[in-house]
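Chemist: Structure provided below as structure tokens; questions to follow.
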Amino acid sequence: IKCNLKVVSDVMINSPYIEIDPEKLQSYSPMQLTEKGLDFLKEKLNFVEIFENHKKDFFAIIDEEKPKSKYDVETIATKSVIYLFDKDYFQPIKNYIYNNAKESLNTIAAIIGVYVRDRYLETHQEIK
22 IKCNLKVVSD VMINSPYIEI DPEKLQSYSP MQLTEKGLDF LKEKLNFVEI
72 FENHKKDFFA IIDEEKPKSK YDVETIATKS VIYLFDKDYF QPIKNYIYNN
122 AKESLNTIAA IIGVYVRDRY LETHQEIK
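The numbering of the sequence shown is the working numbering, which starts it at 22 and goes up by one.
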């Protein structure tokens, strides 16, 4: 069952139906946050502060799946956002999504996932 759930969650995370806002993410390879994207995470979502206070939660999820590539890290980082979304510290982001109907959890998770991916890879340079 665990293997099947992983397959389903990986497919959902990498769905081509997630809209990428080019003002927030550059769809170069690999995906990169723009300056506006980083400002969005800092100012609108307060995620940078949330992350600094709860980094271990995100990293524990990534570590548990033992990523072998940067792609793995990106996929798991995005899943970690969805997995942790019920935590109290995500309340400001829930409020933002509720008050901004154009934004969806999947789109926000993709943006946050890139940020988490970059922070994780900074501390795990052995991953190629």
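Glycine is no exception: its CB is placed at the ideal position from the N, C-alpha and C atoms.
If you run the structure through DSSP and keep just helix, strand and coil, what is Glu85?
Modeler: If DSSP states are grouped into helix, strand and coil, Glu85 belongs with the helices.
Chemist: Which same chain residues, not among the five before or five after Phe80, have their C-beta less than 7 Å away from its C-beta?
Modeler: Closer than 7 Å at the Cβ level, and outside the excluded window around Phe80, lie Tyr141.
Chemist: How many angstroms separate the CA atom of Glu147 from the CA atom of Pro51?
Modeler: Cα to Cα, the separation comes out at about 17 Å.
Chemist: Would you mind reading off the limits of the alpha helix (DSSP H) that contains Leu105?
Modeler: Unbroken alpha helix (DSSP H) run through Leu105: Lys91 to Leu105.
Chemist: Do the segment 56-76 and the segment 91-101 meet, that is, are 3 or more Cβ pairs less than 8 Å apart?
Modeler: Segments in contact, no.
Chemist: So, for Leu105: in the same chain, excluding its five sequence neighbours on each side, which residues have a beta-carbon less than 8 Å away from its beta-carbon?
Modeler: Cβ within range, chain order: His75, Asp78, Phe79, Ile82 and Phe111.
Chemist: Starting from the C-beta of Glu124, find all residues in its chain whose C-beta is less than 8 Å away, skip the five residues before and the five after it, and write them out in chain order.
Modeler: Within the same chain, Glu124 has close Cβ partners Tyr117 and Ile118.
Chemist: Taking the alpha-carbon of Leu126 as reference, which of Glu70, Arg138 and Val102 has the nearest alpha-carbon?
Modeler: The option with the nearest alpha carbon to Leu126 is Val102.
Chemist: Between which two residues does the alpha helix (DSSP H) holding Asp109 run?
Modeler: Here Asp109 belongs to no alpha helix (DSSP H), and DSSP marks it neither H nor E.
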